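Per our numbering: the sequence shown ends with 476, consecutive numbering throughout.
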Amino acid sequence: MTKKIVPVVLAGGKGTRLWPLSRATAAKQFIRFIGDTTLFQNTLERVRNSEVYEAPLVITNEEFRFLAAEQARAQGITLSGIVLEPEARNTAAAVAVAAAIALQKFGSDAIVQILPSDHAIVADNIYDDCVRIAADAAGRGKIVTFGITPTEPATGYGYIEQGTQLPGGAFAVSRFVEKPDLENAERMIAAGSFYWNSGMFLFSAEQMLDEMRRYAPEVLAAAEASLEKSVGDLDFTRLDAEAFAESPNISIDYAIMENTPNAAIVPSPIQWSDLGSWDAIWKIGDGDADGNVVSGNATLVNTRNSLVMSHHNHLAVQGMENVAIIASEDAVYIGRLEDSQEVGAMVKLLAAEKATEKLTETHPTSYRPWGGYTSVLNGDRFQVKRLFVLPGKKLSLQKHHHRSEHWICVSGVADVTVNDKEHILRENESIYIPQGAVHRLGNPGKILLEMIEIQTGSYLGEDDIIRLVDEFGRS
2 MTKKIVPVVL
12 AGGKGTRLWP
22 LSRATAAKQF
32 IRFIGDTTLF
42 QNTLERVRNS
52 EVYEAPLVIT
62 NEEFRFLAAE
72 QARAQGITLS
82 GIVLEPEARN
92 TAAAVAVAAA
102 IALQKFGSDA
112 IVQILPSDHA
122 IVADNIYDDC
132 VRIAADAAGR
142 GKIVTFGITP
152 TEPATGYGYI
162 EQGTQLPGGA
172 FAVSRFVEKP
182 DLENAERMIA
192 AGSFYWNSGM
202 FLFSAEQMLD
212 EMRRYAPEVL
222 AAAEASLEKS
232 VGDLDFTRLD
242 AEAFAESPNI
252 SIDYAIMENT
262 PNAAIVPSPI
272 QWSDLGSWDA
282 IWKIGDGDAD
292 GNVVSGNATL
302 VNTRNSLVMS
312 HHNHLAVQGM
322 ENVAIIASED
332 AVYIGRLEDS
342 QEVGAMVKLL
352 AAEKATEKLT
362 ETHPTSYRPW
372 GGYTSVLNGD
382 RFQVKRLFVL
392 PGKKLSLQKH
402 HHRSEHWICV
412 SGVADVTVND
422 KEHILRENES
432 IYIPQGAVHR
442 LGNPGKILLE
452 MIEIQTGSYL
462 GEDDIIRLVD
472 EFGRS
């Protein structure tokens, strides 16, 4: 394999099956479940080898744009670009955009690998061999998918049956099978020629565009038009919303893979999980002698085969078995591991009630291009937040009509502007921001700045921010 692969990381998906950690505005690919990195960061690490890969291209949405950029920066990984989808149109449109960009940036012989960012994969020598086989097949004009060797008769995945062997180690695709019932899943496992559909693909950009013209012309037309009318915004490329909306809402599997005679599969006996439930998280975790997987602050007594996670409050668990206990900053989920596929139904109930709908949408901690904030305490006409500002970053120059603020420096150095007067705050120093005052907070130092912000006033909503100057284009 001499031509470098263009890795395209799909990071726009939203989901709530891993509630309360995963929510509408906090997708699972950006959350740290087990270990010190997120699934998105782990995906970027798999394509770090510059001898094999070009700099990765990320396709995400408006809501996740700064989170994706910051998590890549934290890993020290340079991206070739971040493309923002105006709305979710499934994977076919994203793949069409990716292929068109790869063709523009890397030439007519560009080889593209599509990587969902919300899967857990062990990138060992077996994985590397599968990628090499797939790249060879792509060079021969095949649209390649990676088939995961099944470990159980799972009913939550689609299956692919392999056909005749092709030169180089890949196989033709005989057929795709929708998510089966248990009886059919067991039958396919016994046959030995069926694999789970991983959602990973590898292909020539030019070949994919040709297939799109033949089998999904409406998808391709919308993708190309949205790219042609796209605009640059800082380090992001915004696809044109009106053109992109014309794409059919269809997956690459339905649009191309089930139609093309060039579909191929590389059987991949790798460690893989789509982490679609708490049960899946438990299975990949490093369990103790009692089969418990514990992450964060917890003490377990007489508890077996359970998943216990808390990154904030300390959990004391006694006499439990086969359960998931997951604590976020503002909610706790407790349920049997075998029922973890049903978390989505629980989330729908919460979302339907006004008192709990916010628990399904946002976390107390929100991330911004300059850092972020955590809501610590809310009351009648007051709110306490922890602000954290990245080195060299600053908030917008702004004012509020309905509230005043007190800022206290906890750690680092703060550069504060209030009505054209500049103040430098160090640890344990504070400043008052009167209602209506034009103000700005920045971090001129080399370490994270942490501040406590106390808001008081008649209205404390985030929409009471009048941005006058903003380096992130939000004014």
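Yeah, the Cβ is synthetic: ideal placement off N, Cα and C, and Gly gets one too.
Bear in mind the structure is a predicted one, so any value in this text is a computation, not a measurement.
For residue i and residue j, I'd like the C-alpha separation in whole angstroms.
i    : j    : result
L210 : Y160 : 25 Å
L378 : L449 : 22 Å
V53  : L316 : 44 Å
F202 : F147 : 6 Å
L351 : S367 : 20 Å
L398 : Q30  : 31 Å
A56  : G108 : 15 Å
K400 : I466 : 6 Å
Q42  : T300 : 29 Å
F67  : E153 : 38 Å
A121 : Y255 : 24 Å
D110 : E343 : 45 Å
Which of the three DSSP states is assigned to residue i in this structure?
i    : result
N379 : strand
M310 : strand
Q166 : strand
R188 : helix
T92  : helix
G157 : coil
N298 : strand
A69  : helix
K4   : coil
V132 : helix
T44  : helix
Of the choices the options, whose alpha-carbon is the least far from that of residue i?
i    : options                   : result
L426 : D234, G443 and N420       : G443
A124 : T44, A171, H440 and E243  : T44
E451 : S205, P435 and I409       : I409
V417 : V411, E187, L396 and V84  : L396
D236 : C131, K4, I83 and P57     : I83
N314 : M321, A332 and E71        : A332
R176 : E343, E463, A70 and I257  : I257
E506 : S311, L40 and S307        : Any answer about residue 506 is impossible in this case: the structure gives the chain only from 2 up to 476.
P181 : Y196, G157, G164 and F204 : G157
L85  : L240, V348, E354 and A224 : L240
L58  : I6, F172, E362 and E229   : I6
Q272 : A97, E330 and Y128        : Y128
Do residue i and residue j have their CB atoms nearer than 8 Å?
i    : j    : result
G458 : H403 : yes
T61  : A12  : yes
N260 : G142 : no
A265 : S274 : no
G345 : T17  : yes
W283 : A325 : yes
E472 : E406 : no
V9   : V113 : yes
S199 : S269 : yes
A206 : L104 : yes
Y374 : L388 : yes
S252 : T92  : yes
I134 : G169 : yes
Is residue i near the ligand COA - that is, is its Cβ less than 7 Å away from at least one heavy atom of it?
i    : result
E259 : This structure simply doesn't include the ligand COA, nor any ligand for that matter.
Checklist entry - If you scan the region 342-413 from start to end, which runs of the alpha helix (DSSP H) of 4 or more residues do you find wholly inside it? => result 344-353
Checklist entry - Counting only runs that start and end within the region 217-295, where is the beta strand (DSSP E) found for 3 or more residues in a row? => result 232-234, 237-239 and 264-269
Checklist entry - For the region 191-219, which segments carrying the alpha helix (DSSP H) assignment without a break, of at least 4 residues, lie completely within its bounds, in sequence order? => result 206-216
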